[in-house]
Amino acid sequence: MGRLGIGRRGMLGALLGALVLGGAQGAMAAALPSAEALRFGSIDGGTLDLADWRGRPVLIVNTASGCGFTPQYDGLQALWDRYRDRGLVVLAVPSDDFGQELADDAAVRDFCAVNFDLDLPMTTITRVRGPEAHPLYRWLAEAHGFAPRWNFAKALIGPDGAFVQSWGSFVEPESEAITRRIEALLN
């Protein structure tokens, strides 16, 4: 999809960017998404706040433990290991929207620790589609046409808070298509 230009989509991207960067003023401030759009519950307790990652690209991936794409956790961890010191955040968002997630957050956390040795940031089990979706996923759908069609769909948010690009489940985390976009944001 790539960066979106002027118009409704570009304006919403700029608004989220302003919120992430902490700089909206005047009439634009009233139109900003709520701070809740940037916060997720952390699977380890507490919260994960995208505002804490301002100035860093974030790859957001809806995940599931019982899916044929679940082995992509290895690739997500590899991206995190490879690029975290350069600023990339890889955020796993477990979701049962497609009926393939474990029963609760503790089961997901344990499954990922035992089977994939994950230490990347991970949210609690979160809705990613429809009217009950997390506010960030609703923003991605409404402003950028990105709504996961299945588990392990990926969305890249730039350091400025703007939507960069999305990829479907079949695109491996370490693919050239993804790493090329990440590296461009890190340079």
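Following my numbering, the residues of the sequence shown are numbered contiguously, the last one being 206.
Cβ coordinates follow ideal geometry from the N, Cα and C atoms, glycine included.
Bounding residues of the beta strand (DSSP E) (the contiguous stretch that carries Asn-81): Position 62 of the sequence shown, counted from the start, is the residue given in the question as residue 81. Unbroken beta strand (DSSP E) run through Asn-81: 77-82.
Range covered by the alpha helix (DSSP H) that runs through Phe-135: The residue you call residue 135 lines up with position 116 of the sequence shown. Taken as a continuous stretch (DSSP letters only), the alpha helix (DSSP H) holding Phe-135 covers 124-135.
Three-state secondary structure assigned by DSSP to Gly-94: Within the sequence shown, numbered from 1, the residue matching residue 94 stands at position 75. Helix, per DSSP.
Proximity below 7 Å, CB of Thr-145 to CB of Ser-114: Translated into positions along the sequence shown, residue 145 becomes position 126. Translated into positions along the sequence shown, residue 114 becomes position 95. Cβ atoms of Thr-145 and Ser-114: closer than 7 Å.
Pairwise C-alpha distance: Asp-68 and Phe-59: Position 40 of the sequence shown, counted from the first residue, corresponds to residue 59. Position 49 of the sequence shown, counted from the first residue, corresponds to residue 68. Cα to Cα, the separation comes out at about 6 Å.
Contact belief for Glu-120 with Ala-83 at Cβ below 8 Å, rounded distance in angstroms: To locate residue 120, count along the sequence shown from 1; it is residue 101. To locate residue 83, count along the sequence shown from 1; it is residue 64. Right, their Cβ atoms sit about 5 Å apart.
Alpha-carbon to alpha-carbon, Trp-169 and Phe-130: Here residue 130 refers to the residue found at position 111 of the sequence shown. Here residue 169 refers to the residue found at position 150 of the sequence shown. About 20 Å.
Cutoff 7 Å; reference Gly-32; Cβ partners in own chain excluding five residues on either side: Taking the first residue of the sequence shown as 1, we reach residue 32 at position 13. For Gly-32, the pLDDT reaches just 42, beneath the cut-off of 50, and the residue's location in the model is therefore unreliable, leaving the point undetermined.
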